[in-house]
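Each residue of the sequence shown is one higher than the last, beginning at 1 in the UniProt record's numbering.
Beta carbons: idealized from backbone N, C-alpha and C, even for Gly.
What follows is a short report on a single structure.
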Amino acid sequence: MSTKDPGHATLLPEFVKELKGLDREGIMVVGGVIPAQDYDYLYEHGASAIFGPGTVIPVAAQKVIAELDRRHA
């Protein structure tokens with residue numbers, strides 16, 4: 001999920017709920033430009049990682065791979 005609108009705090013919990021309802025909890029949900037003050041809320045509601053502006057792509061890729069490995073171990 002990625003949005004430029006400030007609706008991520010509403011959209012993420014609903015999106016995660018829909019994925020669970022479809023028995024698709026294994027799908028990773030990642031986002032884009034999100035204010036740092038919203039990170040804790042989003043983690044509490046299903047985000048596994050948040051990559052903000054300035055994220056180094058190889059570092060983000062390593063985190064995504066690590067999360068996939070953790071989920072499929």
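- T10 lies in the alpha helix (DSSP H); which residues open and close that run? Judged by DSSP secondary structure, T10 falls within the alpha helix (DSSP H) whose first and last residues are 8 to 21.
- Query: With distances taken between CB atoms, is the gap from Y41 to A9 smaller than 8 Å?
  - Reply: For the pair Y41 and A9, the CB atoms are nearer than the 8 Å cut-off.
- What number of angstroms, rounded off, separates the C-alpha of V64 from the C-alpha of P58? If you take the alpha carbons of V64 and P58, they lie about 10 Å apart.
- Message: In whole angstroms, give me the CA-to-CA distance for L12 and E25.
- Response: Each residue's alpha carbon lies about 13 Å from the other.
- Leaving out five residues on either side along the sequence, give the residues of the same chain with a beta carbon under 8 Å from the beta carbon of D38. For D38, the CB contacts under 8 Å within the same chain, skipping 5 residues up- and downstream, are H8, A9 in chain order.
- What are the boundary residues of the alpha helix (DSSP H) that includes P58? Taken as a continuous stretch (DSSP letters only), the alpha helix (DSSP H) holding P58 covers 57 to 71.
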